[in-house]
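Colleague: In the working numbering, the protein residues as written are 404 to 705. Idealized CB from N, CA, C, for every residue including glycine. Since the structure is predicted, the reported quantities are computational estimates derived from the model, not experimental observations. The structure follows.
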């Protein structure tokens with residue numbers, strides 16, 4: 404037991420940032436971002452468009468330079484060891500661009516050659532699973548198929564860290580499911596996955612840990628299980644003629660003969676107030692991750 408705990412304490416951080424800050428002139432990119440991603444984790448990076456997700460990723464990859472702060476990826480300072488780090492990372496940008504006139508198979512081979520690796524067998528397997536036609540030219544590809552090319556290029560060399568920015572945008576539901584399977588397989592083999600997304604359902608299904616970013620600042624970072632526990636309950640009343648008179652009620656929704664709301668107050672007070680109004684049935688559930696996400700945003704102010 405002691406040996407196992409010692410290994411855990413000595414485990415390298417796949418990603419670690421301290422006060423990471425980026426300004427574009429006077430415009431804010433990110434401010435004071437502190438992140439810690441354990442090796443082997445499947446980590447979600449949650450935020451709406453413009454929150455700072457892509458800026459953070461570009462800093463982690465050394466594609467842009469920080470205004471302040473520092474970042475380590477796979478135990479190495481990104482400012483000093485960018486080339487070494489990039490050789491061990493599979494990066495998928497939110498919008499992949501390729502050279503027109505090239506066929507898919509040539510793009511994939513070119514990507515492998517940049518890493519000085521023969522990835523042909525792995526690339527073939529990935530293309531089959533993603534149903535990607537390698538004979539088509541880039542300009543003939545739909546948005547979804549362009550994304551598939553990016554996925555193959557990011558995964559074919561089997562890196563130890565995947566940094567994926569809005570990875571499933573453009574993929575149809577079947578291909579999303581196949582991509583999720585690929586990510587879970589690679590993670591189960593020991594790879595770390597850093598998944599940037601504004602799709603909260605995606606993060607909830609896939610990730611064990613997550614951070615929420617808003618306006619360039621991290622609001623909270625923890626396990627998905629802990630993030631989802633806010634003390635708030637979704638209360639659904641079937642056949643209710645009126646709402647209970649209570650503080651702590653928000654996000655009221657009506658659906659036919661049912662009314663539901665989020666409640667963050669005293670549960671005993673809720674029971675007392677519910678006993679005063681007529682209804683047919685009641686359901687109390689934990690809110691989904693989207694509702695949790697809004698809880699953190701509203702807590703910080705809009």
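Around the Cβ of residue 477, are there at least 16 other Cβ atoms within 10 angstroms (buried) or fewer (exposed)?
Modeller: The residue is buried, with at least 16 neighbouring Cβ atoms inside 10 Å.
Colleague: With a CB to CB cut of under 7 Å and the five nearest residues on each side skipped, what residues in its chain are close to residue 409?
Modeller: Because residue 409 carries a pLDDT of 39, less than 50, the predicted location of this residue cannot be relied on, and no value is offered for it.
Colleague: Would you mind sorting residue 624 into buried or exposed? The rule is 16 or more other CB atoms within 10 Å of its CB.
Modeller: By the 10 Å Cβ count, residue 624 comes out buried.
Colleague: Is it true that the CB of residue 553 sits closer than 7 Å to the CB of residue 574?
Modeller: No, they are not a contact pair.
Colleague: With three or more beta-carbon pairs closer than 8 Å as the criterion, would you say the stretch 639-652 touches the stretch 464-484?
Modeller: No, the stretch 639-652 does not touch the stretch 464-484.
Colleague: For residue 515, which of helix, strand or coil comes out of DSSP?
Modeller: Residue 515 falls in the helix class under three-state DSSP.
Colleague: Thinking C-beta only, is residue 599 closer than 7 Å to residue 446?
Modeller: No, the Cβ-Cβ distance between residue 446 and residue 599 is not below 7 Å.
Colleague: Mind checking whether residue 420 and residue 438 have CB atoms under 7 Å apart?
Modeller: In contact: residue 420 and residue 438 (Cβ atoms closer than 7 Å).
Colleague: Give the C-beta separation of residue 440 and residue 417 to the nearest angstrom, bearing in mind that I take them to be a contact with Cβ-Cβ under 8 Å.
Modeller: That pair is a contact at about 5 Å.
Colleague: Measuring straight from C-alpha to C-alpha, what distance separates residue 606 and residue 656?
Modeller: About 24 Å.
Colleague: In this structure, how does DSSP classify residue 416 when only helix, strand and coil are distinguished?
Modeller: Note: residue 416 maps to strand in three-state DSSP.
Colleague: Is the beta carbon of residue 424 less than 7 Å from the beta carbon of residue 471?
Modeller: Yes.
Colleague: Are the stretch 636-643 and the stretch 604-623 touching, with three or more C-beta to C-beta distances below 8 Å?
Modeller: The stretch 636-643, when compared against the stretch 604-623, does not touch it at the 8 Å Cβ threshold.
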